Amino acid sequence: MLIFTLRRFSLFFFTLLLLTMLSFSLSFLFPGEQLINLTGQISASPEQLAVLANEYQHHSGLLGQYISYLKHLFQGDMGYSMTSHLPISNEVLNRLPATVELASVALLVAMFVGIPVGFCAAIYHRKAADNLILTIAMIGYSIPVFWLGILAILVFSIQLGWLPSSGQISLLFEIKHITGLQLIDIILSDSPYKWQAFQDATRHLILPVIVVALAPATIFMRLARSAMLEVLDTHYIKAAKAKGLTFSQIIYRHAMRNAIIKVIRDIGLQFANLITIAMVTEVIFSWPGIGSWLIESIYQRDYTAIQGGLIVLSSFIFIVHIIIDLVYAALNPLAREPRHGT
Amino acid sequence: MARDKIYLEEEFPTPLVQLWHNFKQPPVVMIGFCCFLFLIALAVSANIITPYSSVENHLDHLLLPPAWSDDGDVSFLLGTDNLGRDMLSRLIQGTSLTFGLSIIVVIASLAVGVVIGSLSALTTGIKSSFLNHFFDVILSIPSLLLAIIIVAILGPGLENTLWAIIMVLIPQFVHVTRNAVKEEFAKDYVLASRLDGASSIRILRYSIFPNIIEKLISQATLAQSAAILDIAALGFLGLGAPIPMPEWGAMLANGIELFYIAPWTVYLPGLAILFSVIATNLVGEGMRHALKVRKEN
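So the protein lines, in turn, are chains A and B.
Counting from 41, one number per residue, gives the positions in the first sequence under our numbering.
Counting from 81, one number per residue, gives the positions in the second sequence under our numbering.
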C-alpha cells in the first residue's frame, strides 16, 4: 500500500508540474503583455513594472521565468485580479468552498441514487424495470444542463414556490466565515438562529444539487448496471449459487461488494464532467462559487483570474482523483499488488 | 431464370459491414438512426425549406404562441420570438449551426486525434510516457473550462468556439486510438505482416485501421453528443454564436427574460438540443451494442 501511495503521489506531483507549465504558457498566449497577464497589475507605473520584472526574472531565460513563477505560486501568490485588484488567492479561497460544497454533495447524491438504481437494473436485466431505467438514464445524460436548471427554477421556484432560486443562503442570516463550507460554518457558529439558518441553506442547496447530480447519477446507473452484470456472470457467483445461497444472499454478500469496486474506479473520471456541469449550474443559480467567477472573468477579460482558476480547479479535481484511487486501492487488494491473485 | 449458387462460397464481410448487420437489429436504434439522418437532412437543406429567413422581423406578430394554442397563427407554426422572428425557421437554421457544426467539429478532431494517437502508439519510452501523461492531464481538466480558456485566447465568436471544442475533443480521440492501436499491434496477424516486411505505417494503414474504425466511430458519436452540448452551452453563456444567429443555445439565452410570458422561446430550443443529443446517443448506443455482440460471437 505504501509503494502504491508513493507512486500515486509522484504521479500527482508530475501532473501538477505539467499543469503549472500549461498555466505559465497561457500568460504568453493570452492577448496583451505577458508580465501583466501573469501578475494582473494592469495599472502599474513603469517603475512598478520594472520591480515586477525583476521579481519574476523577466529578463532571464524561459526556464528562469518559469522557476520564479513556481516560487510565487508556492508562496500562494497568484497575482492580482485585473478587475477587482484583489489577490487571486483571496478571491479563490472565498469562492472555492462553495464549489466544493456543491460538487461534493452532488457527487454523493449521484452515487447514492445512481449506483443502487443501476444494481436494480442489472438484477432485472432485460425486463421492464431495466428498460425503464435505461430510458431514464439516456434522457438524463442527454439533457442540456442549462435548460434543466431553468426549467427547475420555473417549476419549483416560480410556479410552485417551494424552493429559493438563487444564492447560497438568505441574506437575513449572518454566518461567520470559518471553513467557507456553508453547512459546516452554520453548525460551528453560535448564532441563536442556527437551526433556521441550516434549514435555509439546505433549501438553497436542493435545486442546484439535483440539477448537477442528474447527469452523473445516470452515468453511475449505467456503470453500476454493467459492473453488476459482469459480476453476475462470473464463476464465483455460479459457485455461490451451487452452494445453495438464496438470490438476495448472493446479491448482498458477494455481487454487490465486487460490483461496487468496479464503479468506484470510474467515479474519478466522472468528476471532471461533474465540475463542468457545476460551473454552468453556478451561473444559472447565482451560486457564489469558482465556476461562476471564472465565467464572469472571461466576460471581463481577467486573464490572471483564469490562470488561477485553472490551477485551483484542476488541482481540486486531481486531489479528488487521488482520494478515489486510494479508496479503490484500499478496497481492492488486486489494484495494490498483482500477487493477490487474479 | 435464377442462378443458384453452384459453389459454396464463404463470405467474410468487412468489419464495417458486420457492424451494420448487428447495428440494425434493435428497432430503437433504427429509430434513433432515422432521427439522426433526418437532422442531417434538415441541416443540409435548411436554407431551402425554411418558410422565412431566420432574421426576418414580423413586427405585427411579436411573441406569437405556437399554432396549436388559441392565439396562434398557422403561418407561424411554432410561434415567434420577441422580435417577431419565426421560431420554426430559426430552429431549422439552428440545426445546421448546432448539429451540423458538431459533425464537422467531430470529424476534424477525429482526424487530428487519430494521427497523434497512432504516432504515440508507435513511440516508446520517455517520449510516449510524456505524451500519455500530458494528454491525461488535459483529459482531467473539465472540458468547459478548457474550452473557455481557449475562447479567452482566441476571443469569443462562433468560429473560435469551434476551434476550442475541436481542441478539447482531440485528447479523447488520441486516448482511444492509442489504446486500440496498441491492442491490435499485439495480435498475431500484425506480426504476420511484419514478417512480410511491412513498415509500421503500412501496417497501420492496411491492417490496423480497418479493424479499429468501428471503435473510432463509436467514440465519435460520444464526442458528438458532447460537442452539441458544448456548442450550445457556450452559446448560452454568450461566448459562442452572437445573438442574432439562430444557434440553439444562444436562442435559449435570448428567451430567458421572456420565459414567463413566452415559455415556448425557451422550451423549443431546449427540446431541439435534447432531441438531437438523444438521437446521437441512440446511434452511439447501438454502435457499442453491435460491437459487443460482434465480440461475443
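Beta carbons are placed, not taken as given, at the ideal position from N, Cα and C, and that holds for glycine.
These figures come from a predicted structure and were not determined experimentally.
Contact check, residue i vs residue j, beta carbons under 8 Å
i, j, result
"A/G158", "A/R297", "no"
"B/I172", "B/T130", "yes"
"A/T219", "A/P137", "yes"
"B/G329", "B/I311", "yes"
"B/L122", "B/T175", "yes"
"A/T344", "A/S83", "no"
"B/L338", "B/M167", "no"
"B/L354", "A/I183", "yes"
"A/V320", "A/V185", "yes"
"A/A161", "A/M261", "yes"
"B/S133", "B/S169", "yes"
"B/A359", "B/G112", "yes"
"A/M178", "B/N361", "yes"
"B/A342", "B/L143", "yes"
"A/H294", "A/A312", "no"
"B/L317", "A/V252", "no"
"A/Y109", "A/F152", "no"
"A/I300", "A/V367", "no"
"B/L224", "B/A147", "no"
"A/S206", "A/S326", "yes"
"A/H99", "A/A93", "yes"
"A/R135", "A/I338", "no"
"B/L284", "B/S198", "yes"
Assigned secondary structure, residue i (DSSP; H/G/I helix, E/B strand, else coil)
i, result
"A/T382", "Note on A/T382: pLDDT 49, under 50, position unreliable in the model; no value is reported."
"B/Y132", "coil"
"A/Y127", "Residue 127 of chain A is actually Pro in this sequence, not Tyr. A/P127: strand per DSSP, three-state reduction."
"B/T160", "strand"
"A/D306", "helix"
"B/D166", "strand"
"B/Y340", "coil"
"A/F49", "helix"
"A/Y120", "strand"
"B/W100", "helix"
"A/R341", "coil"
"A/W333", "helix"
"A/H275", "helix"
"B/H141", "coil"
"B/Q105", "coil"
"A/D365", "helix"
"B/K372", "helix"
"A/V149", "helix"
"A/L314", "helix"
"B/F92", "coil"
Supposed contact pair residue j and residue i - C-beta distance, whole angstroms, cut 8 Å
i, j, result
"A/G348", "A/I128", "4 Å"
"A/A255", "A/I317", "6 Å"
"B/W344", "B/P145", "6 Å"
"A/L263", "A/A143", "The pair is not a contact, with the Cβ atoms about 18 Å apart (cut-off 8 Å)."
"A/I209", "A/H244", "6 Å"
"B/G193", "B/V248", "Contact doesn't hold; Cβ gap of about 11 Å is too wide."
"B/D260", "B/K295", "The question names Asp, yet the displayed sequence has Ala at residue 260 of chain B. That pair is a contact at about 5 Å."
"A/F44", "A/A369", "5 Å"
"A/I364", "A/F52", "With 8 Å as the limit, A/I364 and A/F52 do not qualify as a contact, their Cβ atoms being about 13 Å apart."
"B/P326", "B/L177", "7 Å"
"B/I246", "B/S189", "5 Å"
"B/S279", "B/L371", "Contact flag wrong, Cβ pair sits at about 29 Å."
"A/I246", "A/T60", "Rounded, the Cβ-Cβ distance is 37 Å, inconsistent with contact."
"A/L203", "A/S197", "6 Å"
Chain C contact residues for residue i, given Cβ-Cβ distances below 8 Å
i, result
"A/V323", "In the structure shown, chain C cannot be found, because the protein chains are A and B."
Exercise. Between the stretch 339 to 355 of chain A and chain B, which residues of the former have a C-beta closer than 8 Å to a C-beta of the latter?
Worked result: Y339, R341, Y343, I346, G349, L350, L353, S354
Exercise. Between the stretch 161 to 195 of chain A and chain B, which residues of the former have CB atoms less than 8 Å from a CB of the latter, in chain order?
Worked result: M178, I179, Y181, S182, I183, P184, V185, F186, W187, I190, L191, L194
Problem set entry | Positions along the stretch 270 to 286 of chain A whose CB lies within less than 8 Å of some CB in chain B | none
Exercise. Got a sec: which bits of the stretch 353 to 368 of chain B sit with their beta carbon under 7 Å from any beta carbon on chain A, in order along the chain?
Worked result: I353, L354, V357, I358, N361
Problem set entry | Positions along the stretch 209 to 230 of chain B whose CB lies within less than 7 Å of some CB in chain A | H213, F214, V217, S220, I221, P222, S223, L224, L225, I228, I229
For this session: Report the residue ranges of all beta strand (DSSP E) runs contained in full by the stretch 181 to 253 of chain A; include only those spanning at least 3 residues, in chain order.
Result: none
For this session: Can you check the stretch 264 to 338 of chain B for any alpha helix (DSSP H) of at least 4 residues that lies completely inside it and give the ranges in chain order?
Result: 268 to 275, 289 to 316, 328 to 335
For this session: Scan the stretch 182 to 243 of chain B and note each continuous alpha helix (DSSP H) run of 4 residues or more that stays entirely inside, going in chain order.
Result: Segments of the alpha helix (DSSP H) lying fully in the stretch 182 to 243 of chain B: 206 to 220, 223 to 234.
For this session: Residues of the stretch 117 to 146 of chain A with a CB closer than 9 Å to any CB of chain B: list them in chain order, please.
Result: Taking 9 Å as the Cβ-Cβ cut-off against chain B, none of the residues of the stretch 117 to 146 of chain A qualify.
For this session: Check each residue of the stretch 131 to 162 of chain B: if its Cβ is closer than 9 Å to any Cβ of chain A, include it; give the result in chain order.
Result: Against chain A - using a Cβ distance shorter than 9 Å - the stretch 131 to 162 of chain B contributes no residues.
Exercise. Taking a cut of 8 Å between CB atoms, which residues from the stretch 250 to 266 of chain A lie near chain B?
Worked result: none
For this session: Using a Cβ-Cβ cut-off of less than 9 Å, give me the residues of the stretch 82 to 97 of chain A that come near chain B, in sequence order.
Result: Those residues of the stretch 82 to 97 of chain A that come within reach of chain B (Cβ to Cβ, closer than 9 Å) do not exist; the list is empty.
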